[in-house]
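Residue numbers (UniProt numbering): 1 to 281.
The structure appears below as structure tokens.
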Ligand code: G3P
Ligand code: CA
């Protein structure tokens with residue numbers, strides 16, 4: 001294993017689906033909590049509804065994370081809005097209300113409300129200092145090219161693009177796009193040539209076998225399991241000029257392991273714990 005000097009200075013803390021260990025994933029509550037904790041960036045999965053609206057949901061179906069059932073790409077926004085995505089217990093809702101009151105914040109109107117990409121961008125762009133966005137495009141079979149096109153149009157509408165690149169916050173791009181699909185990332189770069197893209201990797205890829213990089217991406221996004229199998233890939237990728245963003249790093253021993261390798265970004269359900277570990281909590 002290669003251990004870099006000053007291994008965790010400057011590592012970016014990315015809240016996976018918001019601060020999803022503490023609040024229901026992909027809800028506004030989870031993103032607000034990530035910002036309160038001080039996360040550098042938030043990760044979000046996007047899918048298209050049947051009527052062409054980008055919503056922040058991980059699975060192809062809503063069954064696991066809401067009170068409803070069905071495939072997102074086969075339902076309209078109005079259908080999806082009927083379900084509760086908080087899957088929150090009464091005590092969790094009470095805790096949210098107490099926390100909001102204590103922090104003198106507006107309580108959430110509907111803690112379990114479906115989060116559309118627009119609602120997330122509305123929140124992020126009105127957050128002082130801004131929190132960077134790592135948006136992952138998922139690929140419902142009914143739509144393909146449309147996901148990237150709609151994403152770019154939406155980012156532009158919120159002022160997050162400046163010509164052919166994202167605007168910068170604190171000297172870093174405010175947005176990047178991630179995907180397991182090289183084709184999706186190519187389509188994003190065709191639309192916005194200066195968009196940073198992250199090639200996600202859940203298994204050994206031809207690029208890793210040849211100790212190379214997926215072409216044209218600014219970063220690679222291996223799973224922590226993959227990096228455990230081949231820790232030297234972190235150094236190889238960085239020396240070739242790519243950042244390394246590892247997911248989903250939740251176990252304390254995995255946190256220590258990826259920090260020791262000097263990765264550039266750690267994507268975690270527990271941003272508060274990681275920030276405390278880094279002395280930033
Ligand atoms: O951040 C990358 C990671 O989110 C990829 O896996 O399944 O959680 O979307 P998944
Ligand atoms: Ca994801």
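Cβ coordinates follow ideal geometry from the N, Cα and C atoms, glycine included.
Remember, predicted model here, so these are calculated numbers, not experimental data.
Report task. Please indicate yes or no: does the CB of residue 26 lie closer than 7 Å to some heavy atom of ligand 3? Result -> Ligand 3 is not part of this structure, which contains only ligand 1 and ligand 2.
Query raised in the report: Which residue comes first and which comes last in the alpha helix (DSSP H) that contains residue 28?
Result: Within the chain shown, numbered from 1, the residue matching residue 28 stands at position 28. Element bounds for residue 28: 28-37.
Query raised in the report: Can you give, in chain order, each stretch of the beta strand (DSSP E) that sits fully within the segment 113-155 and has at least 3 residues?
Result: 132-137
Requested in this report: Indicate whether residue 47 and residue 76 have their beta-carbon atoms separated by less than 8 Å.
Outcome: Here residue 47 refers to the residue found at position 47 of the chain shown. Here residue 76 refers to the residue found at position 76 of the chain shown. No, these two residues do not count as a Cβ contact at 8 Å.
Query raised in the report: Relative to ligand 2, is the shortest distance from any of its heavy atoms to the C-beta of residue 58 smaller than 7 Å?
Result: On the chain shown, position 58 is the one that residue 58 refers to. Yes, the Cβ of residue 58 comes within 7 Å of a heavy atom of ligand 2.
Query raised in the report: Which one or two residues does DSSP pair with residue 161 in a beta bridge?
Result: The residue given as residue 161 occupies position 161 in the chain shown. According to DSSP, residue 161 bridges with 166.
Query raised in the report: For residue 203, does the three-state DSSP call read helix, strand or coil?
Result: Taking the first residue of the chain shown as position 1, residue 203 is located at position 203. In the structure shown, residue 203 sits in coil (DSSP, three-state: anything other than H, G, I, E or B).
Query raised in the report: Taking the alpha-carbon positions, what's the residue 146 to residue 52 distance?
Result: For the purposes of this step, residue 146 is taken as residue 146 along the chain shown, with counting starting at 1. For the purposes of this step, residue 52 is taken as residue 52 along the chain shown, with counting starting at 1. Residue 146 and residue 52: Cα-Cα distance of roughly 8 Å.
Query raised in the report: Are residue 298 and residue 197 close, meaning C-beta to C-beta below 8 Å?
Result: Outside the displayed span of the chain (1 to 281) sits residue 298, for which this structure offers no information.
Query raised in the report: Exposed or buried, which one is residue 20 when buried takes at least 16 other CB atoms within 10 Å?
Result: Along the chain shown, read from residue 1 onward, the residue named residue 20 stands at position 20. Burial call: buried.
Query raised in the report: Is it the case that the CB of residue 247 approaches a heavy atom of ligand 1 more closely than 7 Å?
Result: Walking along the chain shown from the start, residue 247 turns up at place 247. Correct: residue 247 has its Cβ closer than 7 Å to ligand 1.
Query raised in the report: Out of curiosity, what's the CA-to-CA distance linking residue 61 and residue 155?
Result: Translated into the one-based positions of the chain shown, residue 61 becomes position 61. Translated into the one-based positions of the chain shown, residue 155 becomes position 155. Spanning the two alpha carbons is a distance of roughly 25 Å.
Query raised in the report: Do you know how far the Cα of residue 193 is from the Cα of residue 215?
Result: By 1-based counting over the chain shown, the position of residue 215 is 215. By 1-based counting over the chain shown, the position of residue 193 is 193. Computed Cα separation, rounded: 14 Å.
Query raised in the report: Which same chain residues, not among the five before or five after residue 8, have their C-beta less than 7 Å away from its C-beta?
Result: By one-based count along the chain shown, residue 8 stands at place 8. Because the pLDDT of residue 8 is 39, which lies under 50, any placement of that residue in the model is unreliable, and the number read from its coordinates should be weighed accordingly. Answer for residue 8: 259, 278, listed in chain order.
Query raised in the report: Measuring from the CB of residue 12, is there a heavy atom of ligand 2 at a distance below 7 Å?
Result: Walking along the chain shown from the start, residue 12 turns up at place 12. For ligand 2, not one heavy atom lies less than 7 Å from the Cβ of residue 12.
Query raised in the report: When every heavy atom of ligand 1 is checked, does at least one fall within less than 7 Å of the C-beta of residue 114?
Result: Walking along the chain shown from the start, residue 114 turns up at place 114. It does not: the Cβ of residue 114 is nowhere closer than 7 Å to a heavy atom of ligand 1.
Query raised in the report: Based on Cα-Cα distance, which residue from 12, 70, 121, 71 lies nearest to residue 26?
Result: As a position in the chain shown, residue 26 is number 26, starting the count at 1. Of 12, 70, 121, 71, the residue nearest in Cα terms is 121.
Query - Residues near ligand 2, criterion Cβ-heavy atom distance below 5 Å - result: 45, 136
**Report entry** Contact belief for residue 282 with residue 113 at Cβ below 8 Å, rounded distance in angstroms
**Finding:** Missing from the structure shown is residue 282; the chain here goes from 1 to 281 and no further.
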